[in-house]
Amino acid sequence: GNQRAAAELLARVQQLENGNLELERENQMLMSKFAEKEVEKDSLVNRLNDLEKNIVPSLKKALNDISLEKDAAVVAKEDTLAQLRSMKKRLREAEEEQYRAEEDSASLRAQLNTLQQQVMSNSYSGYAVGTSSEQTLAMEKEIQDLQAQLKQESLLRQQEQQKLAEESLLRQQDQQRLAEEQSRTTSLAVEKREMEEKIAALTKKSSEEASEFAARKAFSMQDREKLENQLHDMALMVERLEGSRQKLLMEIDSQSLEIENLFEENSVLSTSYQEAMSVTMEWENQVCCSYSVCAWSMLKIFVTKSASCLLTSSKLAG
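Under the numbering used here, the first residue of the sequence shown is numbered -19, with each subsequent residue one higher.
Shown next as C-alpha cells:
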C-alpha cells in the first residue's frame, strides 16, 4: 500500500513538473511577443519624437507662412480693388471723352454744312474766302486734337490691359503655391492617418495582452496621453492649414471674377473706340473732299469773273 501511494505521489509530482514546464514555455512565448511589441512601441515613439522635433516645427512654420501669405493676399486684394476702381473710373472718363468727341464731330459736321452753304450763297469776295479758310483751318485743328485725344485714350487702355495681364500672372502664381501647399497638407494627412492606424493596432494588441502583463508591460497612461495629444495637435494643425487654403482659394476666385469682368468691359470699350476711329476717319475724308470741292468752285468763279473783266476791258478799249 505504501509503495502504491508513493508511486501515485511520484506520478503526481511528475505531472506537476510537466505542467510547470508547459507554463514556463507559454511564459517564454508571451515574453518574446511582448519584447517584439516593446521594440515596435519604441520605434513608434522614436518616430513620434522625430515628428515632434522636425515635422511639427515645419508645420508651424508653414502655418505662419500661410498666415503671412493670407495677410499679403488681403493687402494685394485691397490694392487690386483700388486699382480696379481707378481703372473703371478711367474707363468711364474715356467713354465720356468718346461721347464728347462724337458730339464735337457732329458739331463740326454741322459747321461744315453751314460753311458750304455760305460759300455757295455769298458773292465769293476776298473777305469770304479768307473767312472760310480760317474756319476750315480751325476745323482741321479740332480734328487733330480729337485724334490726339483718341490716341491718348488708346495708350491708357493698353496700359490697363498690361496691368490686368500682370494681375492674372500673380493670380496663377498664387494658385501654384496653393497647389504645393495642398500637396504637402495631403502628404502630412496621409502620414498622420498611417501613424494613427499603427497606434490603434498597437493599442489593440496591447489591450488583448493586458490581462497577463498589465502590471509591468502595458503602455503607461502617460505615454498614451502624450501620443494622443500629439496626434490631436497634428489634426488641429492640418485643419488650420486646410481652412487657410480654402479662404485663400475663395479670395483668388473673387479676384479672378473681378478681373474677368474688367476684361469684358475693356473689350466693349475697345470696340467702341474702333468704331469712333472709323467715324472720325470717314468724317476727315468728307471734310477734305468738301474743302477741295469748295476751292474748285471758287477757282472757277474767279476765272469766270476774270475773263468777264478782261472781255469788258477789251470792249471799252476798242
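C-beta atoms are modelled at their ideal positions from N, C-alpha and C, and glycine is treated no differently.
Cβ neighbours of residue i in the same chain (closer than 6 Å, five flanking residues each side left out)
i: glutamine 266; result: none
i: cysteine 289; result: none
i: aspartate 154; result: Ile232
Inter-residue CB distance, residue i and residue j (contact presumed, cutoff 8 Å)
i: threonine 260; j: glutamate 222; result: Between glutamate 222 and threonine 260 the Cβ distance is about 57 Å, and since that is not below 8 Å, they are no contact.
i: glutamate 133; j: alanine 74; result: 5 Å
i: leucine 334; j: leucine 237; result: Given a span of -19 to 298 for the chain in the structure shown, any question on residue 334 remains unanswerable.
i: leucine 249; j: leucine 135; result: With a Cβ gap of about 14 Å, leucine 249 and leucine 135 do not count as contacting.
i: lysine 178; j: leucine 39; result: Actually they are not in contact, since the Cβ atoms of lysine 178 and leucine 39 sit about 19 Å apart, beyond 8 Å.
i: arginine 137; j: asparagine 246; result: 6 Å
Contacts around residue i, its chain only, beta-carbon distance under 8 Å, and the 5 residues preceding and following it disregarded
i: leucine 158; result: Arg225, Leu228, Leu229 and Ile232
i: aspartate 84; result: Glu122 and Leu126
i: glutamate 57; result: Glutamate is not the amino acid found at residue 57; the sequence shown has lysine there. The residues are Glu231, Ser234 and Gln235.
i: alanine 81; result: Leu126, Gln129, Leu130, Ala256 and Thr260
i: valine 54; result: Glu231
i: tyrosine 107; result: Low confidence applies here, because tyrosine 107 scores a pLDDT of 42, under 50, leaving its location unreliable; read the following figure in that light. Result list for tyrosine 107: empty, nothing under 8 Å.
i: serine 258; result: none
i: asparagine 44; result: none
i: lysine 68; result: Leu242 and Glu245
Option in the options with minimal Cα separation from residue i
i: glutamine 129; options: Ala(-13), Tyr79, Leu43 and Glu32; result: Tyr79
i: threonine 60; options: Leu168, Lys184, Met175 and Glu146; result: Glu146
i: tryptophan 263; options: Asn241, Ile239, Cys274 and Arg89; result: Arg89
i: alanine 62; options: Ile239, Leu(-4), Ala118 and Asn34; result: Ile239
i: glutamate 140; options: Leu117, Asp45 and Ser66; result: Ser66
i: glutamate 174; options: Leu150, Ser247, Arg151 and Arg27; result: Arg27
i: leucine 168; options: Arg151, Asn0 and Glu32; result: Glu32
i: asparagine 93; options: Gln8, Val273 and Leu3; result: Val273
i: glutamine 97; options: Val283, Leu291 and Ser277; result: Ser277
i: leucine 150; options: Leu216, Glu219 and Glu49; result: Glu49
i: glutamate 77; options: Thr292, Val283, Lys285 and Ser252; result: Ser252
i: lysine 17; options: Asn0, Asp45, Asn44 and Lys184; result: Lys184
i: alanine 181; options: Leu1, Leu3, Leu216 and Glu20; result: Glu20
Cβ-based neighbour list, residue i, same chain, cut-off 7 Å, excluding 5 preceding and 5 following
i: leucine 144; result: Ile239, Leu242 and Phe243
i: alanine 86; result: none
i: serine 103; result: Interpretation of serine 103 is limited by its pLDDT of 47, a score under 50 that renders its predicted location unreliable; the figure taken from the coordinates is listed afterwards. Answer for serine 103: no residue qualifies.
i: valine -7; result: none
i: serine 148; result: Ile239
i: aspartate 22; result: none
For residue i, the three-state DSSP class (helix, strand or coil)
i: threonine 111; result: Low confidence applies to threonine 111: its pLDDT is 49, below 50, so where it sits in the model is not reliable enough to give any reading.
is_contact[residue i, chain D] using C-beta, thresh 8 Å
i: serine 163; result: Here there is only one protein chain, and chain D is not present.
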